[in-house]
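**Student:** Questions regarding the structure given below will be posed in turn.
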Amino acid sequence: MNMMLKKTILLLLILTLPQLRLYSENVNTAVMNFSNETGGEGLAYISSSLADSLSATLSGFEDINIVERRQLSSVLDEIKLSLSGILDDESVSRAGELAKADVLILGSYTGNPEKITLTIKAINVESAGIIYGRVITAPLSSLFDLANQEIKVFASVISGKETGRVSVSSVPSEADIYIDGMAAGKTPLVEYMLPAGSHRLKIVLKGFTEEERTIFVETGKDVNISIPLIETRSSFPWTYSAGAMYRKPLNSPRSSDFESALEIPVSADYSFDRFIVSGCYSFSKMDHSQEIDSVFGIIEQTRWYTFHTFSISITYELLEEVRFYSPYAGLFLGGSIITDKKDNASYDGGWEKISREAEFVIGPKAGVTFFPEYKLRPYVEALFYFYPAEIIRKEYSSPGLAGALQASDESYRFYGISIGGGLRYAFR
Amino acid sequence: MRSDNRRRRQTMLKVMNRLFKAAALLIIVLYAGCDPEPPQPENPVFTDVQKIEVSYNGGIFYFSEVPDYVKYMQLLIFSSSPAVDDDSKTIDKSSLIAGSRTYLTGFSRASVNSANIYVYVPADDDFTGLPLAPVDGDYIIVLGFDSDLNLTHASPSYAMTLF
C-alpha cells in the first residue's frame, strides 16, 4: 500500500470521527425551552411544556439519552437561551457543556392559538451547526401532536438512522394526516421526512371515510401517496331511486295463470346511520287472461291487474365498513290498490273495470347497494310480497248459446317475489 | 091462431136480435184479431247493449249496424216468445228450436240464409241438428259478442210474422 493511499484513509477516518462518535454511541440530547415570540404571556406555558413533551417522546429512542429537564434549569438561567432564541457558537457551546449534551433541541414559536408557527432545530454542540430543522404551522390544538411527530424524525437524524421522505395528497385536500397515531399535518404533505421503515398512515376528513394504510419508507427515497377520499354515507342521508323489477306470482287461480310482470318502483330513502327508511311507490301490470270454453271454441279473454303500491320499508345495512357494496335486509309494509280490468270493445278505451280493491301487503326484502359511497349507486333487490287478505276474483264462464258470460267469485291470496335493480342517487 | 102468429113473430125477433148481436160481436172480434201489424219491438232484449236490427227478405236474414269489433254472432229462433233475464243477460232456452252462429255454414256478420238454419240440440247446446226453416209465429233474436266474448249487441225479439 503506497503512502498516498494510507494518507487518504487516515484523512477519511479523521473526517468521519465525529460522525462515528455520534452514530456509534448514544447521543446525549437536551431539549431546551422554546422561545416565546408571541408577544404575550398567554402562550408562555408552551415554552416548557412542549420541551417536556418532546423530551418524553425522545426518551423512547434507544440511541438517544435525554438530559433531565431539571438539570437544564441552571443552564437556562445562565445563558437565557429560552428567552433570547438567539444562538451563537459560544452560547451553544456553553449550553452544551453545562448540559453535558451533544445535541441541543431548541427553537421558538410565534402566532396565536389558532395559528402557531413553531421552529425546531437540532444543533450539534461541538460544531454549533444545525443538524436538522423544521417549521410547523398549526393550531394550538394539534401543535403538540405535530411537534412530537416531527421529533421522531429529529431522533432518526440525531442518532444517525436512515430516513426517507413521504408526500401525501388527497382529493379533496385539507385532510388531517396521522402517522403512527400522531398528527403530521394536512394534505398535501410534501416531502415529509420519516425514519426508514414501515409507518401507519391515516387520513381523516369529516364527511369522508377514513383511509388507513401502511407505508414503507426507504432510506433516501421518496414515497408519493395520493388518496381519493370517498364521502361517507352519513354525508348523504337522502337518496332517491328508480328501478325495474321482475314480479313473479307464485300462485294462480284455477282458470288462468298469473303472468310475471314488470314492476317500476321509485323511492325516497333516508339513512339513520345503518338504518334506512324508505317510502316507495311502485306500479305493475299483471296479465291474468282467462281461457273460456264456448260454442265458438276456446276464447281467451284478455284480463290484467294493475297494482299501485305504496309502502314503507325499514332496512339495515349489514356491514359497518362499506366500500364497493353494502348488503341490506329488512321489511316492508304498505298497501296496494288492485284494479282488475278486461278488454271489452263496447267500453270507452276498449277496456272494462271489473273490480278495484285496496289490500294490505307485507314482506321481507334484501338487496345490495354497489359503490355506496358514491352519489350514483346501482342496486339489486329481491323481495317477497304477501297480501294477507283474500282477494275476490271474477271467474267467467260461457252459458253456451243465448246469453252473456256468467261471472262467479273466487277468492285467493296474492303472494310472490320481485327481483330487480336500479339506480340510487344521493343528495346531501 | 092470432096469438100463435104473434108468439112466432116475437121468437123470430129474438133470434134475429141474437143473430145481430152475434154478428156484431163477431165483427168486433174479427176486427180486433185481424190486426196484421202489431207494434214492432224497438229495444234490444237486453239493456246496456247495442242494438242489432234484423230484416228478412227473400229467405235471407240481414243484420244491420254490426261494427267490426263484433266477432261472434248467434241467431236464435224460438217457438214462442222467450223469457229474458236482463240481470244475467241470458235468454231462457226452453223454447229455442233452431238457429245459426258464427263458424256455421252460411253464417256471416251481415246475413244468413234461412236454408242455413239448423235445429237446436239441447244435449250439444248447439245447432247441430238438421236444417229447419223458420215459420210464422217463431221469434227471432240475434246476439253479438266481441273478441273476448263480451256481449255487446242484441236485437229485439222479433216475431216471425213481421218478416
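If you read the sequences in order, they're chains X and G. My numbering puts the first residue of the first sequence at 1, with every later residue one more than the last. My numbering puts the first residue of the second sequence at 429, with every later residue one more than the last. From the three backbone atoms N, C-alpha and C, an ideal C-beta is built for every residue, glycine too.
Who are the neighbours of isoleucine 292 of chain X on chain G, taking C-beta pairs under 7 Å?
**Tutor:** In chain order: Leu577.
**Student:** By the three-class DSSP mapping on this structure, what secondary structure does arginine 434 of chain G have?
**Tutor:** Of the three classes helix, strand and coil, the one that applies to arginine 434 of chain G here is helix, per DSSP.
**Student:** Have a look at X:Thr57, X:Glu395, X:Ala147, X:Glu97 and flag the residue whose alpha-carbon is nearest the alpha-carbon of glutamine 290 of chain X.
**Tutor:** Closest by alpha carbon: X:Glu395.
**Student:** Going along chain C in order, which residues have a C-beta closer than 7 Å to the C-beta of arginine 529 of chain G?
**Tutor:** The displayed structure is made up of protein chains X and G, and chain C is not among them.
**Student:** My output table needs one value for alanine 147 of chain X: the three-state DSSP class, helix, strand or coil.
**Tutor:** Looking at alanine 147 of chain X - three-state DSSP - the assignment turns out to be helix.
**Student:** My understanding is that aspartate 553 of chain G touches glycine 400 of chain X, with C-beta atoms under 8 Å, so please give their C-beta distance in whole angstroms.
**Tutor:** With a Cβ gap of about 4 Å, aspartate 553 of chain G and glycine 400 of chain X count as contacting.
**Student:** Work out the CA separation of histidine 288 of chain X and serine 313 of chain X for me, nearest whole Å.
**Tutor:** Taking the straight line from one Cα to the other gives about 28 Å.
**Student:** When you compare only the Cα positions, how much space is there between serine 575 of chain G and serine 528 of chain G?
**Tutor:** Spanning the two alpha carbons is a distance of roughly 18 Å.
**Student:** What are the start and end residues of the beta strand (DSSP E) that includes isoleucine 105 of chain X?
**Tutor:** Run containing isoleucine 105 of chain X: 103-112, per the beta strand (DSSP E) assignment.
**Student:** I'd like to know whether the C-beta of aspartate 566 of chain G is nearer than 8 Å to at least one C-beta of chain X.
**Tutor:** Taking Cβ atoms only, chain X never reaches closer than 8 Å to aspartate 566 of chain G, which makes this a no.
**Student:** Which residues of the stretch 375-403 of chain X have a Cβ closer than 9 Å to any Cβ of chain G? Give them in chain order.
**Tutor:** Here the close residues are Tyr396, Ser398, Pro399, Gly400, Leu401, Ala402, Gly403.
**Student:** Are the CB atoms of alanine 389 of chain X and isoleucine 417 of chain X nearer to each other than 8 Å?
**Tutor:** No, the pair does not count as a contact, with Cβ atoms beyond the cut-off.
**Student:** Are at least three pairs of beta-carbons, each pair with one atom in the stretch 480-492 of chain G and one in the stretch 268-286 of chain X, less than 8 Å apart?
**Tutor:** Result no; under three Cβ-Cβ pairs closer than 8 Å.
**Student:** Please classify isoleucine 337 of chain X as buried or exposed, where buried requires at least 16 other C-beta atoms within 10 Å of its C-beta.
**Tutor:** Flag for isoleucine 337 of chain X reads exposed.
**Student:** Can you check the stretch 296-365 of chain X for any alpha helix (DSSP H) of at least 4 residues that lies completely inside it and give the ranges in chain order?
**Tutor:** The qualifying runs do not exist here; there are none.
**Student:** If you follow the alpha helix (DSSP H) that serine 289 of chain X is part of, which residue opens it and which one closes it?
**Tutor:** Per DSSP, serine 289 of chain X belongs to no alpha helix (DSSP H) and is neither H nor E.
**Student:** Anything in the stretch 497-520 of chain G with a Cβ closer than 7 Å to a Cβ of chain X? List those residues in chain order, please.
**Tutor:** Correct list: Tyr497, Tyr500, Gln502, Leu504, Ser516, Lys517, Thr518, Ile519.
**Student:** Could you list the residues in the stretch 523-554 of chain G with a C-beta less than 8 Å from some C-beta on chain X, going in chain order?
**Tutor:** So the close ones are Leu524, Gly527, Arg529, Thr530, Tyr531, Tyr548, Asp553, Asp554.
**Student:** Please confirm whether glutamate 162 of chain X and threonine 219 of chain X have their CB atoms less than 8 Å apart.
**Tutor:** Contact: yes.
**Student:** Under 8 Å between C-beta atoms, does threonine 589 of chain G make it to chain X?
**Tutor:** No, its Cβ sits nowhere closer than 8 Å to a Cβ of chain X.
**Student:** Given that a residue counts as buried once 16 or more other Cβ atoms are within 10 Å of its Cβ, and exposed if not, what is leucine 441 of chain G?
**Tutor:** Exposed is the call here.
**Student:** Is the number of C-beta pairs between the stretch 236-247 of chain X and the stretch 191-198 of chain X that are closer than 8 Å three or more?
**Tutor:** These segments do not touch.
**Student:** Along chain X, in chain order, which residues have C-beta atoms closer than 7 Å to that of threonine 580 of chain G?
**Tutor:** Per Cβ cutoff of 7 Å: Ala345, Ser346.
**Student:** What residues from the stretch 245-259 of chain X come within 7 Å of chain G, judged by C-beta to C-beta, listed N to C?
**Tutor:** The residues in question: there are none.
**Student:** Given that lysine 342 of chain X touches chain G, what residues does it touch there, using C-beta distances under 9 Å?
**Tutor:** In chain order: Asp576, Asn578.
**Student:** Does the separation of the CB atoms of alanine 526 of chain G and tyrosine 500 of chain G fall below 8 Å?
**Tutor:** In this structure, tyrosine 500 of chain G does not lie closer than 8 Å to alanine 526 of chain G by Cβ.
**Student:** Suppose you measure from the CA of leucine 262 of chain X to the CA of phenylalanine 307 of chain X; what does that come to, to the nearest Å?
**Tutor:** One C-alpha to the other measures close to 11 Å.
**Student:** Judging by CA-CA distance, which residue of X:Lys186, X:Tyr109, X:Gly330, X:Ser398 is the nearest neighbour of leucine 43 of chain X?
**Tutor:** Answer by Cα proximity: X:Tyr109.
**Student:** Can you list, in chain order, the residues of its chain with a C-beta nearer than 8 Å to that of tyrosine 379 of chain X? Leave out the 5 residues immediately preceding and following it.
**Tutor:** If we look at tyrosine 379 of chain X and ignore the five residues flanking it on each side, its Cβ neighbours are Ser241, Gly243, Gly367, Val368, Thr369, Phe370, Gly421, Gly422, Leu423, Arg424.
**Student:** Roughly how many whole angstroms lie between the Cα atoms of serine 73 of chain X and serine 35 of chain X?
**Tutor:** Rounded to whole angstroms, serine 73 of chain X to serine 35 of chain X spans 14 Å at the Cα level.
**Student:** Residues bridged to valine 171 of chain X by DSSP?
**Tutor:** BP columns for valine 171 of chain X point to X:Pro228.
**Student:** Starting from the C-beta of aspartate 145 of chain X, find all residues in its chain whose C-beta is less than 6 Å away, skip the five residues before and the five after it, and write them out in chain order.
**Tutor:** Here the set comprises Met182, Ala183.
**Student:** Name the DSSP bridge partner or partners of valine 473 of chain G?
**Tutor:** In DSSP, valine 473 of chain G forms no bridge with anything.
**Student:** With H, G and I counted as helix, E and B as strand and the rest as coil, what does DSSP make of valine 482 of chain G?
**Tutor:** Of the three classes helix, strand and coil, the one that applies to valine 482 of chain G here is strand, per DSSP.
**Student:** Over what stretch of residues does the beta strand (DSSP E) that includes aspartate 52 of chain X continue unbroken?
**Tutor:** Per DSSP, aspartate 52 of chain X belongs to no beta strand (DSSP E); it is in the alpha helix (DSSP H), 45-58.
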